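Novice: To start, I am sharing the structure in question, which I have written as C-alpha cells.
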Amino acid sequence: MKQLYTFVRKEFLHVLRDKKTLLILFGLPVVQILIFGFALTNEVKHATVFVRDDAHDDASRALIERIDASQVFDVVFNGPANLDLIIPSGFANDLSHNGHASVQIITDASDPNRATTLSTYLTAIIADHQLDLSEMQGIPYLIRTTTRFTYNPQLKGAPNFVPGVMALVLMLVCVMMTSISIVREKELGTMEILLVSPFKPMMVIVAKVIPYLLLSIVNIISILLLSVFVLGLPINGSIPLLFSMSILFIITSLALGVLVSTIAATQQVAMLVSMMGMLLPTLLFSGFMFPIENMPLPLQLISNAIPAKWYYNIVKAVMIKGLGMDAIMKEAAILLGMSVLLTAISVRRFKVRLA
Amino acid sequence: MNAVELHRVSKTYAKGTVTAVTDVSFAVKRGELFGLIGPDGAGKTSIFRVLATLLLADSGTAYIDGFDVVKDYKHIREIIGYMPGRFSLYQDLTVEENLNFFATLFGTSVEENRDLINDIYVQLEPFKDRRAGKLSGGMKQKLALCCALVHRPSVLLLDEPTTGVDPVSRKEFWAMLTRLKEQGISILVSTPYMDEARLCDRIALMQSGRIMSVDTPDGIIAEFNTPLFGARATNMYLLQRSLLADPRVETCYTFGEELHLTFVNGSADAIDGVVASMLDAGHTDVSISSIRPTIEDCFIRLMAQ
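Protein chains in written order, with this note's numbering: chain A, 366 to 720; chain B, -2 to 302.
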C-alpha cells in the first residue's frame, strides 16, 4: 500500500513539474469551453437584413418594424447584409384586396446551415405578423402551430457542446496523457527497473491511472463550474449520478489509454494513436458535431463502438434534461461493458517482460 | 550454489534474423566480481536482460541463486539489483526522491540499508535536492548504483555502468564494486573497457554473441602463449606497413602509442634481424622490446582465431 502511495505521488510530481502537461491539463477545458461558448457558436444574433421596400405603405412599414424589433435581425437599407428581403410595390393593396401578398427572401447559401436558420427565423417572424393581421380581421378556420423547444427554449449552443467538451477533454486526458506517461517509462528505460522490482506489473497500471482519474475529476468540476457560472447552463439532473457516470467513462478511457500504451513504442506514436484513433472518432461519432442519425448505416454502426457517444448521451440526459438513472440504463450498461472489456484486454496485453 | 548460471543460452531478435547471443554458458560464484568483457554489439545487454527476467531466451536455461529465470521470475525480481545500460532513473525527480522511490518500491527504506550504500550516498548527499537529469555522468551512475543497491540484493547485475563516465569516476566506481563484493554481494558487470577487466575476479571475453574464453585475468593472460613485443619508430604508420610486409612478423597492430607484434617462429631471436631491416628500409629510432601482454592483447588474439 505504501508502495502504491509512493508511486502515485511520483506520478503527481511528474505532472506538476512538467509545465506543458499542466497547461494542457488545466488550460484545455477552460479554453474549449470559452471557445465553444463564445467564438464557435452557431446561434444567430443580430444578423443584418437588407430591405428593399418598393411598396412604401403602411403594411410594409409595419412588417419592417416588426423584423427590426426582433433580437435576431437588424434591418439595414444599404450595404452588405446576411439576408435580403424584397417587398414589392402594392404590398398593402394586395394584402387588403386580394387577401394575399408575396415577399422575397434572398439568402447566401454558401453556408447552407446559416442560410436555412436565417430564412426560417425570418419566415417565422413574417408568419407571426400575418397571424396578427388575420386575428385583427377575424378570419375563421385557422390552424395555429405552437412549437415548444423543450430543454432548450432559447436554442442555445451550450446544452449541445458542454457534454461534447466533457467527453472530449476526458478522452484527451485519460487516453493521451495516460498512454504517454506509460510509454515514457518504456522510452526512458525506467520500465526495465519497474519490471525488475517486486512491485507487481498490475500495480504499475493502477498507480499510473490513479493520478489521471483524480485530475479528470478536477477537470469535470472545472468544466461544470464554467458552464454553470460563465455560460449560465444549469445542471438539471442529479449531480452524484452525473459524477458516477463520468467516473465510469473515465475508467473506460483509462483502460483505452493503457491499451494504447501496450501498442505504442514511443511517445510520438502514443500521441498519434490517441489523436487519430481516439480524438477524431470522438469528434465525429459522438453526435456532438454531426448528427449520427444522418450518417449512412455503416458509420452509424461504427459510432456504437465509440464510448464517447454513450457518455455524451448520458450527460445530455442527466445534465440537460434532468433525467434519472432509469432513462440511461442502456447507455450506462454499454459503458460498463466496454470498461470491463477494455480493462481485461489491456491488463492481459500489459507485459511482465520487455518483449 | 552459484550466484549466476547460464547453460547454452541463445537469443535472437526479429524472428530469428538477428542473432544476439549464441550458446553462452558460464557461472558466477557466490561473492565473486565477474566481468563480461566485449565490444558494443557482443551480446552483453541481451545476457543481462535474460538474467534480469526481462527477456526470454530462445533456448538454454539460466539461474540466479538457483532460481530459474523463467519459472521463478517473481522471486528473482526480489533478490537482484539491476542497473540497465542507459541511465534509467527519473530525470525530473531529485536525487533524494529517486532514491526514496526505488527504496519504497522494493519494500525497504534508505535508512534501513544506509550502511550498504553509505560510501556512495555521502558523495551524492551534497546534491540530494538536485534533479537527476542535471547530474554529471559519473554522479548519475553512482545514483543508479545506489538505487540498484538500496534493497540489499544478493546478486548485482550491472550493464556497462562506466560507459561514458570520466576516468576518475570510473576508478571510484570500481573501488565501490570491490567494497560491495567484500560485503558478500555477487556482482556480474559488463564493460567495453579492457583495463577494467583486471579489476574482476574472473572475466568472460565476448565477441559476436559468443564467449571466447572464461578465466581469471591472469589466467587469460597466461593463455597468451607466444612472446609479445612492442615496437616504436619515428614514423609509426610507415613502420607498421613495413613490419606487416616482413615475412618474419606474424601479427602487428597499433596499441596506444606502440605497435604490438608477434613473430612467426615465436621467439625473440628475430628482433635484431628485424630491427636491422627496418633501419635499412629508412626508419629511424627503431626499437623493439619484449613486453607483457594485456587483456586487450588476448582479446585481439582470440578474435583473430
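Ideal Cβ placement from N, Cα and C applies to all residues, glycine included.
Bear in mind the structure is a predicted one, so any value in this text is a computation, not a measurement.
Apart from the five residues just before and just after B:Asp126, which ones in its own chain have a Cβ nearer than 6 Å to its Cβ?
Specialist: If we look at B:Asp126 and ignore the five residues flanking it on each side, its Cβ neighbours are Thr91.
Novice: For the region 548 to 579 of chain A, which residues have a beta carbon sitting closer than 7 Å to at least one beta carbon of chain B?
Specialist: Going along the region 548 to 579 of chain A in chain order, one finds Leu553, Gly554, Thr555, Glu557, Ile558, Leu560, Val561, Ser562, Pro563 and Phe564 with a Cβ nearer than 7 Å to chain B.
Novice: Going by C-alpha to C-alpha distance, which of A:Ser454, A:Asn463, A:Val416 and A:Phe401 sits closest to A:Gly444?
Specialist: Of the candidates A:Ser454, A:Asn463, A:Val416 and A:Phe401, the one whose C-alpha sits nearest the C-alpha of A:Gly444 is A:Val416.
Novice: Establish whether the CB of B:Pro81 and some CB of chain A are separated by less than 8 Å.
Specialist: At least one chain A Cβ lies under 8 Å of B:Pro81.
Novice: Any idea what DSSP makes of A:Lys521, helix, strand or coil?
Specialist: Note: A:Lys521 maps to coil in three-state DSSP.
Novice: Contact check, B:Glu247 vs B:Gly227 under 8 Å by CB: the rounded distance?
Specialist: Their Cβ separation, rounded to whole angstroms, is 15 Å, which puts B:Glu247 and B:Gly227 out of contact at 8 Å.
Novice: So, is the C-beta of A:Thr371 closer than 8 Å to a C-beta in chain B?
Specialist: Output row for A:Thr371: interface = yes.
Novice: Is it the case that the Cβ atoms of B:Val152 and B:Ile76 are separated by a distance below 8 Å?
Specialist: Contact flag set, yes.
Novice: How is B:Lys12 classed by DSSP in three states: helix, strand or coil?
Specialist: Here B:Lys12 sits in coil by DSSP.
Novice: Below 7 Å on C-beta distance, what does A:Leu719 contact in chain B?
Specialist: Within 7 Å Cβ-Cβ: Arg46, Leu51 and Leu52.
Novice: What alpha helix (DSSP H) runs, 4 residues minimum, are completely inside the region 404 to 477 of chain A?
Specialist: Those alpha helix (DSSP H) runs which fall completely within the region 404 to 477 of chain A and span 4+ residues are 423 to 434.
Novice: How about B:Ile288 and B:Ile268: do their beta carbons lie closer than 8 Å?
Specialist: Taking 8 Å as the Cβ cut-off, B:Ile288 and B:Ile268 do not qualify as a contacting pair.
Novice: State the DSSP-derived secondary structure class of A:Phe564, mapped to helix, strand or coil.
Specialist: Three-state DSSP puts A:Phe564 in coil, outside helix and strand.
Novice: In three-state terms, what does DSSP make of A:Leu607?
Specialist: If DSSP states are grouped into helix, strand and coil, A:Leu607 belongs with the helices.
Novice: Which residues, taken in chain order from the region 234 to 259 of chain B, show a beta carbon closer than 9 Å to some beta carbon of chain A?
Specialist: Within the region 234 to 259 of chain B, no residue qualifies.
Novice: Give the residues from the region 83 to 105 of chain B that approach chain A closer than 8 Å (Cβ to any Cβ), ordered along the chain.
Specialist: The region 83 to 105 of chain B vs chain A, Cβ under 8 Å: Arg83, Phe84, Ser85, Leu86, Tyr87, Gln88, Asp89, Leu90, Glu94, Asn97, Phe98, Phe99, Thr101, Leu102, Phe103 and Gly104.
Novice: Can you tell me the Cα-Cα spacing of B:Arg5 and A:Leu559, whole angstroms?
Specialist: Cα to Cα, the separation comes out at about 28 Å.
Novice: Could you work out which residues of chain B lie near A:Gln368, taking near to mean beta carbons separated by less than 8 Å?
Specialist: Going along chain B in sequence order, the residues near A:Gln368 (Cβ under 8 Å) are Thr101, Leu102 and Gly104.
Novice: Based on the DSSP output, what are the partners of B:Ser210 in its beta bridges?
Specialist: Answer is B:Leu202.
Novice: Could you list which residues in chain B have their beta carbon closer than 9 Å to that of A:Asp383, in chain order?
Specialist: Ordered by position in chain B, the residues that pass the 9 Å Cβ test against A:Asp383 are Asp89.
Novice: Report the neighbours of A:Phe375 on chain B: residues whose CB is nearer than 8 Å to its CB, in chain order.
Specialist: According to the sequence provided, residue 375 of chain A is Lys. The question's Phe does not apply to it. Residues of chain B passing the Cβ test: Tyr87, Leu90, Glu94 and Phe98.
Novice: Would you say A:Leu378 lies against chain B (beta-carbon separation less than 8 Å)?
Specialist: So, interface residue.
Novice: Give the secondary structure of A:Phe514 by DSSP, where H, G and I count as helix, E and B as strand, and everything else as coil.
Specialist: Of the three classes helix, strand and coil, the one that applies to A:Phe514 here is coil, per DSSP.
Novice: If we require 3 or more residues per run, which beta strand (DSSP E) segments fall completely within the region 653 to 719 of chain A?
Specialist: Runs found: none.
Novice: Quick one: which chain A residues come within Cβ less than 9 Å of B:Arg74?
Specialist: Chain A residues near B:Arg74: Leu560, Val561, Ser562, Pro563 and Phe564.
Novice: Using a Cβ-Cβ cut-off of 8 Å, state whether B:Ile77 counts as contacting chain A.
Specialist: For B:Ile77, the answer is yes, since a Cβ of chain A falls inside 8 Å of its Cβ.
Novice: I'd like to check one pair, A:Leu388 with A:Val414: are the Cβ atoms closer than 8 Å?
Specialist: No.
Novice: Could you check if A:Asp418 is buried or exposed, using at least 16 other CB atoms within 10 Å of its CB as the buried criterion?
Specialist: Flag for A:Asp418 reads buried.
Novice: Specify whether the region 433 to 441 of chain A and the region 548 to 568 of chain A touch according to this definition: at least 3 beta carbon pairs, one from each stretch, less than 8 Å apart.
Specialist: Because the criterion of three Cβ pairs below 8 Å is not met, the region 433 to 441 of chain A and the region 548 to 568 of chain A do not touch.
Novice: For B:Leu33, which three-state DSSP category applies?
Specialist: Note: B:Leu33 maps to strand in three-state DSSP.
Novice: Around the Cβ of A:Ser626, are there at least 16 other Cβ atoms within 10 angstroms (buried) or fewer (exposed)?
Specialist: Burial call: buried.
Novice: Determine, using beta carbons only, whether B:Leu202 and B:Gly78 come nearer to each other than 8 Å.
Specialist: In this structure, B:Gly78 does not lie closer than 8 Å to B:Leu202 by Cβ.
Novice: When the distance is taken between beta carbons, is A:Arg431 closer than 8 Å to A:Ile318?
Specialist: Lying outside 366 to 720, the shown extent of chain A, residue 318 of chain A is not represented and no answer is given.
Novice: Using 8 Å as the threshold, is the C-beta distance between B:Leu235 and B:Cys249 below it?
Specialist: No, Cβ-Cβ distance for B:Leu235 and B:Cys249 is not below 8 Å.
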